[in-house]
Amino acid sequence: MKRLQQPIITLLTLCLLTASTGWTRDTTADEPLIIDFNERFLPTVARNGMVVGPEQLAAEIGTSIMRQGGNVVDAAVATGFALAVTYPRAGNLGGGGFMLIHLAEGNRQVFIDYRETAPAAASRDMFLLEDGKEDLMREYFSLQASGVPGTVAGMLHALETYGTMSRQQVLAPAIALAEEGIPVSFALNYEVASRGKRLRDDPAALRVFFKADGSPYEIGEIWRQPDLAWTLRQISDKGAAAFYQGEIAQRIVAAMEAGNGLITARDLADYRAIERPPVRGSFREFEVLSAPPPSSGGVHILQILNILEQDDLKEMGHNSAAYLHMLTESMKLAYADRSEYLADPDFVDVPVAQLIDKAYSARQRKLINPHKATPSSTIAPGQALHPESKDTTHYSIADAKGNMVSNTYTLNASFGSAIVVPGTGMLLNNEMGDFAAKPGHPNMFGLVQGENNKIEGGKRPLSSMSPTIVLRDGAPWLATGSPGGTRIITTVLQTVLNAMAFDMNVAAASIYARIHHQWLPDEILAEDGISPDTVRLLEQMGHKVVLGGQTIGRTESIMIKDGWLLGATDTRRPGGWVAGY
Ligand code: GLY
Numbered sequence: 109m110k111r112l113q114q115p116i117i118t119l120l121t122l123c124l125l126t127a128s129t130g131w132t133r134d135t136t137a138d139e140p141l142i143i144d145f146n147e148r149f150l151p152t153v154a155r156n157g158m159v160v161g162p163e164q165l166a167a168e169i170g171t172s173i174m175r176q177g178g179n180v181v182d183a184a185v186a187t188g189f190a191l192a193v194t195y196p197r198a199g200n201l202g203g204g205g206f207m208l209i210h211l212a213e214g215n216r217q218v219f220i221d222y223r224e225t226a227p228a229a230a231s232r233d234m235f236l237l238e239d240g241k242e243d244l245m246r247e248y249f250s251l252q253a254s255g256v257p258g259t260v261a262g263m264l265h266a267l268e269t270y271g272t273m274s275r276q277q278v279l280a281p282a283i284a285l286a287e288e289g290i291p292v293s294f295a296l297n298y299e300v301a302s303r304g305k306r307l308r309d310d311p312a313a314l315r316v317f318f319k320a321d322g323s324p325y326e327i328g329e330i331w332r333q334p335d336l337a338w339t340l341r342q343i344s345d346k347g348a349a350a351f352y353q354g355e356i357a358q359r360i361v362a363a364m365e366a367g368n369g370l371i372t373a374r375d376l377a378d379y380r381a382i383e384r385p386p387v388r389g390s391f392r393e394f395e396v397l398s399a400p401p402p403s404s405g406g407v408h409i410l411q412i413l414n415i416l417e418q419d420d421l422k423e424m425g426h427n428s429a430a431y432l433h434m435l436t437e438s439m440k441l442a443y444a445d446r447s448e449y450l451a452d453p454d455f456v457d458v459p460v461a462q463l464i465d466k467a468y469s470a471r472q473r474k475l476i477n478p479h480k481a482t483p484s485s486t487i488a489p490g491q492a493l494h495p496e497s498k499d500t501t502h503y504s505i506a507d508a509k510g511n512m513v514s515n516t517y518t519l520n521a522s523f524g525s526a527i528v529v530p531g532t533g534m535l536l537n538n539e540m541g542d543f544a545a546k547p548g549h550p551n552m553f554g555l556v557q558g559e560n561n562k563i564e565g566g567k568r569p570l571s572s573m574s575p576t577i578v579l580r581d582g583a584p585w586l587a588t589g590s591p592g593g594t595r596i597i598t599t600v601l602q603t604v605l606n607a608m609a610f611d612m613n614v615a616a617a618s619i620y621a622r623i624h625h626q627w628l629p630d631e632i633l634a635e636d637g638i639s640p641d642t643v644r645l646l647e648q649m650g651h652k653v654v655l656g657g658q659t660i661g662r663t664e665s666i667m668i669k670d671g672w673l674l675g676a677t678d679t680r681r682p683g684g685w686v687a688g689y
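Under our numbering, think of the first position of the sequence shown as 109, with each following residue one higher.
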């Protein structure tokens with residue numbers, strides 16, 4: 109009885125859903141979508157195209173591009189430029205990121221690295237004071253904190269190589285948003301207020317983010333960004349050359365020269381987005397594709413999946429102490445390797461194949477005592493992680509043909525360096541902080557950082573960004589990613605594990621409480637929702653658990669099931685949106 113009723117109930121609900129959001133359900137869909145209504149968290153459903161991202165206007169621009177006949181890459185580029193207007197804390201022109209694309213035609217994947225590069229004049233000890241301490245203000249909140257931005261090169265490379273629309277078509281919506289203005293949302297008002305002090309310190313940022321009298325824009329007020337509209341229009345008219353050689357470049361260089369920054373006209377002219385093969389591995393019937401170096405994310409997600417594949421995780425129970433113990437111990441092993449081996453592969457020989465080799469993980473699995481925590485100090489000596497910003501942003505896109513885009517990009521900290529290039533409306537990143545500022549010596553947290561990720565001119569700082577796509581039995585199945593600095597890796601890992609190992613739908617996989625362990629400090633960060641009893645059991649095994657107070661990551665995910673697109677925006681931060689039709 110229940111089996112017979114479910115498809116009918118599902119279709120009825122779907123009609124209500126589509127009606128209430130203005131979607132039109134594609135009547136050619138021949139298979140009803142079967143959802144188990146006993147699940148506590150349900151995804152949003154669409155048939156033809158979907159964009160899941162951190163902000164509504166930009167997500168809807170992505171679907172409107174697809175409705176006009178654009179493909180997922182056109183939508184990804186339009187969404188990326190729109191987020192630079194609507195989501196300034198992490199959407200950007202002045203930062204960098206990674207885009208992973210699954211092309212249904214030819215069943216192939218493409219990875220575009222548009223990570224920032226260190227200016228040629230950057231050097232290993234540039235952020236050290238005379239007494240050897242790190243100058244954190246210069247490292248994070250000065251013009252020297254910025255790497256050469258990669259976003260414009262990356263987006264336009266994606267468009268020109270894999271898109272179908274013109275630059276003018278995909279940039280027009282972002283230009284309109286900047287020119288005509290957007291109503292300030294609760295999330296935007298909150299985000300600007302959180303960084304208000306720093307943004308007010310920079311005269312150009314003060315002009316962009318506050319009214320002429322210095323007061324903040326209230327919720328619902330219209331916020332216009334004429335300088336950013338000019339910048340976007342330059343890119344629309346003249347392409348990447350406007351940014352890297354033309355008038356935008358001139359304004360960036362003028363700001364650098366006026367403020368002791370390092371980025372030169374030559375650095376900008378030399379910037380290139382790079383296509384690299386994504387890292388790929390398997391977990392049971394799933395193929396997992398993710399970001400290669402200079403991201404550490406894909407390598408460690410695959411490494412941890414390899415370690416855990418050998419255990420019956422479902423039998424242990426989701427978020428049971430036994431499962432969280434195994435997860436934690438695998439995370440420790442992977443993050444210890446991260447500090448030792450991961451960096452820009454154009455400067456350092458990164459042993460990717462060895463790290464994601466199942467035989468290596470089988471040896472690592474043997475190091476794990478299933479009943480007892482192994483102290484991090486005994487896993488590997490000396491090397492440790494640089495603390496990374498928890499900001500950045502991700503969006504996922506899919507269409508009915510099974511094309512997918514998983515894009516993570518960033519300014520590093522929320523609003524980057526909080527410095528706007530005068531006359532451009534554009535915030536600069538502070539990605540130089542992702543290098544090891546003081547390799548071989550304890551940093552402000554008493555940790556020691558690896559030489560591989562030292563600052564060098566032209567090098568890309570080590571990242572954790574992990575745009576990921578999972579194929580199931582060879583077909584595109586899940587696109588996901590997250591902000592969160594080093595927590596990106598464990599967030600994406602638990603999301604894909606929830607779906608692959610625990611059969612959760614995409615909404616449930618996004619919502620359940622997460623943990624994070626990054627080897628050092630030797631503690632589990634656990635979100636509210638991990639039971640105190642479980643915490644006690646973990647403590648009895650020798651773990652230190654820091655429970656609650658902080659959320660871990662914020663995923664934006666799409667799953668394809670029976671030809672339907674199921675989307676989920678993580679509720680850990682405000683403003684996320686699933687746009688579908
Ligand atoms: N800036 C954050 C990351 O690249 O991981």
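Backbone N, C-alpha and C define an ideal beta-carbon position, used for all residues, glycine too.
Following a CB-centred definition, is S639 positioned closer than 7 Å to any heavy atom of the ligand GLY? What you label residue 639 is simply residue 531 of the sequence shown in a count that begins at 1. No, since every heavy atom of the ligand GLY falls outside the 7 Å radius drawn around the Cβ of S639.
Using three-state DSSP, classify H494 as helix, strand or coil. Here residue 494 refers to the residue found at position 386 when the sequence shown is read from its first residue. Only weak support exists for where H494 lies, its pLDDT of 49 falling under 50; the value from the coordinates is given anyway. Correct three-state label for H494: coil.
For a test of the three-state rule: what should DSSP assign to T126, helix, strand or coil? In the sequence shown, residue 126 corresponds to position 18, counting from 1. Low confidence applies to T126: its pLDDT is 38, below 50, so where it sits in the model is not reliable, and the reading given next is rough at best. Helix, per DSSP.
What does DSSP give as the partner residues of L208 in its beta bridges? Counted from its first residue, the sequence shown places residue 208 at position 100. Beta-bridge pairing links L208 to F219, S514.
In angstroms with no decimal places, state the Cα-to-Cα distance between G531 and M245. As a position in the sequence shown, residue 531 is number 423, starting the count at 1. As a position in the sequence shown, residue 245 is number 137, starting the count at 1. The alpha-carbon atoms of G531 and M245 are separated by roughly 24 Å.
Tell me, to the nearest whole angstrom, how far the beta carbon of Q418 is from that of A481; I am working on the premise that it is less than 8 Å. As a first step, residue 418 must be located in the sequence shown, where it is residue number 310. As a first step, residue 481 must be located in the sequence shown, where it is residue number 373. The pair is not a contact, with the Cβ atoms about 19 Å apart (cut-off 8 Å).
Considering only heavy atoms of the ligand GLY, does any lie closer than 7 Å to the CB of E224? Taking the first residue of the sequence shown as 1, we reach residue 224 at position 116. E224: no, Cβ never under 7 Å from the ligand GLY.
Assuming E635 and I660 make a contact with CB atoms under 8 Å, what is their CB distance in whole Å? As a working mapping, residue 635 is identified with position 527 in the sequence shown. As a working mapping, residue 660 is identified with position 552 in the sequence shown. Indeed, because the Cβ distance is near 6 Å, the residues count as touching under 8 Å.
Alpha carbon of T518 to alpha carbon of Y195, nearest angstrom: One-based indexing of the sequence shown puts residue 518 at position 410. One-based indexing of the sequence shown puts residue 195 at position 87. Using only the alpha carbons, I get a separation of about 11 Å.
Measure the Cβ-Cβ separation of E395 and L579 and say whether it is below 8 Å. Taking the sequence shown and counting its residues from 1, one reaches residue 395 at position 287. Taking the sequence shown and counting its residues from 1, one reaches residue 579 at position 471. Cβ distance < 8 Å, so E395 and L579 count as in contact.
Between the CA atoms of V407 and L463 - distance to the nearest angstrom: Mapped onto the sequence shown, residue 463 falls at position 355. Mapped onto the sequence shown, residue 407 falls at position 299. Cα-Cα distance, rounded: 7 Å.
Does the Cβ of F189 have 16 or more other Cβ atoms within 10 Å, making it buried, or fewer, making it exposed? If you number the sequence shown from 1, residue 189 lands on position 81. With 16 or more other Cβ atoms within 10 Å, it is buried.
Is the beta carbon of G565 sitting closer than 8 Å to the one on A229? The residue labelled residue 565 in the question sits at position 457 within the sequence shown. The residue labelled residue 229 in the question sits at position 121 within the sequence shown. Yes, these two residues count as a Cβ contact at 8 Å.
Distance check for A198 and Y298, CA to CA, integer angstroms please. Here residue 298 refers to the residue found at position 190 when the sequence shown is read from its first residue. Here residue 198 refers to the residue found at position 90 when the sequence shown is read from its first residue. One C-alpha to the other measures close to 14 Å.
Suppose you measure from the CA of T129 to the CA of P591; what does that come to, to the nearest Å? Within the sequence shown, the letter at position 21 stands for residue 129. Within the sequence shown, the letter at position 483 stands for residue 591. Below a pLDDT of 50, predicted positions are generally treated as unreliable, and T129, at 37, falls in that range; no measurement from the model is reported.
Is it buried or exposed, Q276, if we count other Cβ atoms within 10 angstroms and call 16 or more buried? Within the sequence shown, residue 276 is the residue found at index 168, counting from 1. By the neighbour-count rule (16 or more Cβ atoms within 10 Å), Q276 is not buried but exposed.
Is it the case that the Cβ atoms of P162 and T501 are separated by a distance below 8 Å? If you number the sequence shown from 1, residue 162 lands on position 54. If you number the sequence shown from 1, residue 501 lands on position 393. Contact flag set, yes.
Measuring only the C-alpha atoms, how far is Q658 from L535? Stepping through the sequence shown from its first residue, residue 658 is reached at position 550. Stepping through the sequence shown from its first residue, residue 535 is reached at position 427. Each residue's alpha carbon lies about 27 Å from the other.
Take F219 as the anchor and find which of K546, F235, Q626, P575 has the nearest alpha-carbon. Position 111 of the sequence shown holds residue 219. When only C-alpha atoms are compared, the closest one is P575.
Whole angstroms are fine: how far does the CA of G369 sit from the CA of A357? If you number the sequence shown from 1, residue 357 lands on position 249. If you number the sequence shown from 1, residue 369 lands on position 261. If you take the alpha carbons of A357 and G369, they lie about 14 Å apart.
Tell me whether V578 sits in a helix, a strand or coil according to DSSP, three-state version. Indexing the sequence shown from 1 puts residue 578 at position 470. In this structure, V578 counts as strand in the three-state DSSP scheme.
On the criterion of 16 or more Cβ atoms from any shown chain inside 10 Å, does P640 qualify as buried, or is it exposed? Counted from its first residue, the sequence shown places residue 640 at position 532. Answer is exposed; the Cβ neighbour count stays below 16.
Regarding D542 and the ligand GLY, is the C-beta to nearest heavy atom distance less than 7 Å? Here the question's residue 542 lines up with position 434 in the sequence shown. The answer is yes for D542.
Could you give the distance in angstroms between the alpha-carbon of F294 and the alpha-carbon of V458? Here residue 294 refers to the residue found at position 186 of the sequence shown. Here residue 458 refers to the residue found at position 350 of the sequence shown. In a straight line, the C-alpha of F294 is about 43 Å away from that of V458.
Which of helix, strand or coil DSSP assigns to G541: Counting from one through the sequence shown, the residue named residue 541 turns up at place 433. G541: helix per DSSP, three-state reduction.
Nearest to P453 by CA position, among D375, I412, R568, is which residue? Within the sequence shown, residue 453 is the residue found at index 345, counting from 1. It is R568 whose Cα lies nearest to the Cα of P453.
How long is the line joining the alpha carbons of A166 and T516, rounded to whole angstroms? As a working mapping, residue 166 is identified with position 58 in the sequence shown. As a working mapping, residue 516 is identified with position 408 in the sequence shown. Computed Cα separation, rounded: 14 Å.
If we count the other Cβ atoms within 10 Å of its Cβ and call it buried at 16 or more, is T269 buried or exposed? Stepping through the sequence shown from its first residue, residue 269 is reached at position 161. By the neighbour-count rule (16 or more Cβ atoms within 10 Å), T269 is not buried but exposed.
Quick one: give me the first and last residue of the alpha helix (DSSP H) that V193 is part of. Reading the sequence shown from its first residue, position 85 is the one you call residue 193. Here the alpha helix (DSSP H) through V193 covers 180–194.
C-alpha distance - L432 paired with A350, whole-angstrom precision: Walking along the sequence shown from the start, residue 432 turns up at place 324. Walking along the sequence shown from the start, residue 350 turns up at place 242. Using only the alpha carbons, I get a separation of about 50 Å.
Hey, how far is the Cα of A286 from the Cα of Y468? Counting from 1 along the sequence shown, the entry for residue 286 is found at position 178. Counting from 1 along the sequence shown, the entry for residue 468 is found at position 360. Straight-line Cα distance between these residues: approximately 50 Å.
Write down the C-beta distance between L397 and Q217 rounded to the nearest angstrom, noting that I regard them as a contact closer than 8 Å. Numbered from its first residue, the sequence shown carries residue 397 at position 289. Numbered from its first residue, the sequence shown carries residue 217 at position 109. Their Cβ separation, rounded to whole angstroms, is 5 Å, which keeps L397 and Q217 in contact under 8 Å.
Check each candidate in G656, I476, M263, L475 and name the one with the smallest Cα separation from E383. Stepping through the sequence shown from its first residue, residue 383 is reached at position 275. Closest by alpha carbon: M263.
If we ignore side chains and look at the alpha-carbon of each, how far apart do G688 and K546 end up? Against the sequence shown, residue 688 aligns to sequence position 580. Against the sequence shown, residue 546 aligns to sequence position 438. Between G688 and K546, the C-alpha separation is close to 46 Å.
Would you say the beta carbon of N520 comes nearer than 7 Å to a heavy atom of the ligand GLY? Taking the sequence shown and counting its residues from 1, one reaches residue 520 at position 412. Under cutoff, so the answer is yes.
By DSSP, does W690 sit in helix, in strand, or in coil? A question about residue 690 goes unanswered here, because the residues of the chain that appear run from 109 up to 689.
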